[in-house]
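Remarks on the structure that follows.
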Amino acid sequence: MWAVHRPSAHPDHPPLPPFDAPAARRLRTALGMDPDHVAHTLRASYALPYASPALVTAWERGTAAPSHPELTALAGVLWCSPGDLIGRPRTLREHRVARGLAPEDVARTVGHELQAYLRMEETGRWRGTERQSAALARLLALSPADVVTVTGREDALAEVLRRAATTRWQAYVRPVLKVVPLERRLVEGVLHRLHRDYQGHMAATLSRGGGHGDAGDRGREFLDRIVDHFWTAVTRSPRGSRP
Numbered sequence: 092m093w094a095v096h097r098p099s100a101h102p103d104h105p106p107l108p109p110f111d112a113p114a115a116r117r118l119r120t121a122l123g124m125d126p127d128h129v130a131h132t133l134r135a136s137y138a139l140p141y142a143s144p145a146l147v148t149a150w151e152r153g154t155a156a157p158s159h160p161e162l163t164a165l166a167g168v169l170w171c172s173p174g175d176l177i178g179r180p181r182t183l184r185e186h187r188v189a190r191g192l193a194p195e196d197v198a199r200t201v202g203h204e205l206q207a208y209l210r211m212e213e214t215g216r217w218r219g220t221e222r223q224s225a226a227l228a229r230l231l232a233l234s235p236a237d238v239v240t241v242t243g244r245e246d247a248l249a250e251v252l253r254r255a256a257t258t259r260w261q262a263y264v265r266p267v268l269k270v271v272p273l274e275r276r277l278v279e280g281v282l283h284r285l286h287r288d289y290q291g292h293m294a295a296t297l298s299r300g301g302g303h304g305d306a307g308d309r310g311r312e313f314l315d316r317i318v319d320h321f322w323t324a325v326t327r328s329p330r331g332s333r334p
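Per the numbering used here, residue 92 is the first one in the sequence shown, and the count goes up by one each step.
If you want it as structure tokens, here you go:
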């Protein structure tokens, strides 16, 4: 009986990518492979001597996640790209790994020194210019929402959106445009909708006989997810596909 034995993670190693366990199981099954076959190929062809059926099963059950080298090897065994085995990337490093790119590739393309780029991955704070940000978005196929997230501007966006929803939304069009790469008319329409929806939640709760406490709870729930509401509205807008 194989047990799950792996080299201990070094504290300086990067965090694990967001592994999509159901996708790994689905791809393996589609190839007609069992965990023993996958583990054998990892050992024989990808220099992972500790790979076992138990480890493969643990990955597929979500009780363990492959490291970056393990993920690349598993993708090779399953005849897919690393991106096919990654859940929705959130960080700059996760987007890079999902595209199967080395740090050197990204640094060279966007015009950064390698060590400077690696520090940005480690800290989660993007220091690129507008031109470099555009190059990064093209290279990693980032959506506008991804650009905001990987450049560390999501909290700033959330704060501006909360103010737009609860006060005079017209005053926050320009601040939003400083954060997101979208057209002005699109942003105006989305902010108007968020403001209307927030006020609608508050009014509907009170009209149904709920107290101010209930209305406040509904309002806070809406504001807690304001960034999600914003991107949903952008996607549904007729102009949302033209950033």
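We put the beta carbon where it would ideally sit given N, CA and C, even for glycine.
- For F321, the enclosing alpha helix (DSSP H) starts and ends at I317 to R327.
- Here G178 has P109 and D111 as same chain residues with Cβ atoms under 6 Å from its own Cβ, once five neighbours each way along the sequence are excluded.
- Counted as a single uninterrupted DSSP element, the alpha helix (DSSP H) harbouring H128 occupies residues P126 to S136.
- If you look at W150, you'll find it in the alpha helix (DSSP H) that goes P144 to R152.
- R218 counts as exposed, since fewer than 16 other beta carbons sit within 10 angstroms of its beta carbon.
- Per the C-alpha coordinates, the member of P160, L231, V251 and L165 positioned closest to T132 is L165.
- Look at the beta carbons and you see the stretch 188 to 199 touching the stretch 168 to 176: at least three pairs across the two are nearer than 8 Å.
- Rounded to whole angstroms, the separation of the alpha carbons of A130 and P160 is 14 Å.
- Going by beta carbons, L277 and V325 fall inside the 8 Å limit.
- V271 is positioned such that its CB atom lies closer than 8 Å to that of V239.
- Cα atoms of R316 and R134: separation of roughly 45 Å, rounded to the nearest angstrom.
- If you ignore the 5 residues before and after A262, its C-beta comes within less than 6 Å of no other C-beta in its own chain.
- Here the alpha carbons of T214 and T120 stand approximately 38 Å from one another.
- For H203, no alpha helix (DSSP H) run applies, since DSSP gives it neither H nor E.
- Only buried fits L248, as 16 or more other CB atoms lie within 10 angstroms of its CB.
- In this structure, G280 lies away from M293, with their beta-carbon atoms at least 8 Å apart.
- In this structure P113 is exposed. Its beta-carbon is surrounded by fewer than 16 other beta-carbon atoms within 10 angstroms.
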